[in-house]
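For the sequence shown, our numbering gives the first residue as 3, with consecutive numbering after it. Glycine included, every Cβ here is placed at the ideal spot set by N, Cα and C. What follows is a short report on a single structure.
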Amino acid sequence: MLIQGGFRHVKESVTADEFLKFLADEAPDGHYFVAQPPPGILMTAAIDWRVIVSDSASIDALATALWSGYESMVKPLEDEGMGRSPDIFVQIKNLKGECDEFTLGRDFDKRDGFVHRVRESAAVLSPKDKELALRREIETTTGSDYWQKIRQTGERRLDSSGPGHGKAVFPGPEPT
3 MLIQGGFRHV KESVTADEFL KFLADEAPDG HYFVAQPPPG ILMTAAIDWR
53 VIVSDSASID ALATALWSGY ESMVKPLEDE GMGRSPDIFV QIKNLKGECD
103 EFTLGRDFDK RDGFVHRVRE SAAVLSPKDK ELALRREIET TTGSDYWQKI
153 RQTGERRLDS SGPGHGKAVF PGPEPT
């Protein structure tokens, strides 16, 4: 299942990289990607990040992490005088292109309602052959010049400074 989204009215206060790293720490069973257009192409996108998850437990954990990320990183940016509230556009999509869309910060005011909606949408949109759909979605996304992988299931965190920049850092010896 593909869950993707973008920020609205947050300016530079929250980046997709920061948000995805938070999500991956909170819900580690998934493949995490950030939009990274090829060099020389300037784009503004409604979709800043993408997560591919395989099962309902992963979807529940990701939904809870999305709510926590909204509450801790986006909602505090609200400025009454600005006239617009910061929010997160969320889209749950399958390989056929069928989707459900909603906005954290506008459509939901309680975590349980949001998690229920994500769970129900994922159940309705899930394909019969989940393994095949998961493989195809990962292949399509990783094969694109537009998406940069941030983390995948089993990786603990990414080191973003110094030697090994952008590589997964594992506790203990590096896997072979």
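Give the C-beta separation of residue i and residue j to the nearest angstrom, bearing in mind that I take them to be a contact with Cβ-Cβ under 8 angstroms.
i: I94; j: G107; result: In fact, because the Cβ distance is near 17 angstroms, the residues do not count as touching under 8 angstroms.
i: V12; j: V76; result: 6 angstroms
i: G71; j: F24; result: 5 angstroms
i: D102; j: L136; result: That pair is no contact at about 19 angstroms.
i: V55; j: G85; result: The pair is not a contact, with the Cβ atoms about 35 angstroms apart (cut-off 8 angstroms).
i: Y148; j: P30; result: In fact, because the Cβ distance is near 24 angstroms, the residues do not count as touching under 8 angstroms.
i: A67; j: E28; result: 4 angstroms
Got a sec, what are the start and stop residues for the alpha helix (DSSP H) residue i sits in?
i: E133; result: 132-144
i: G8; result: Premise fails: G8 lies in the beta strand (DSSP E), 4-10, not in any alpha helix (DSSP H).
i: K23; result: 18-28
i: A65; result: 58-71
Buried or exposed for residue i, please, with buried defined as at least 16 other CB atoms from any protein chain shown within 10 angstroms of its CB.
i: P78; result: exposed
i: P88; result: buried
i: I152; result: buried
i: A125; result: exposed
i: E122; result: exposed
i: E14; result: exposed
i: P41; result: exposed
i: L64; result: buried
i: I43; result: exposed
i: E139; result: buried
Could you pull the start and end residues of the beta strand (DSSP E) that residue i belongs to?
i: E103; result: 101-106
i: F116; result: Premise fails: F116 lies in the alpha helix (DSSP H), 113-127, not in any beta strand (DSSP E).
i: I94; result: 89-95
i: I152; result: 149-153
i: V55; result: Looking at the DSSP string, V55 is not in any beta strand (DSSP E), and its letter there is neither H nor E.
i: F110; result: No beta strand (DSSP E) contains F110, which DSSP labels as neither H nor E.
i: V36; result: 33-37
- Validate contact between the region 4-13 and the region 49-56 using beta carbons, cut 8 angstroms, 3 pairs: yes
- Message: With a threshold of 8 angstroms, are at least 3 pairs of Cβ atoms found where one atom belongs to the region 15-23 and the other to the region 98-114?
- Response: no
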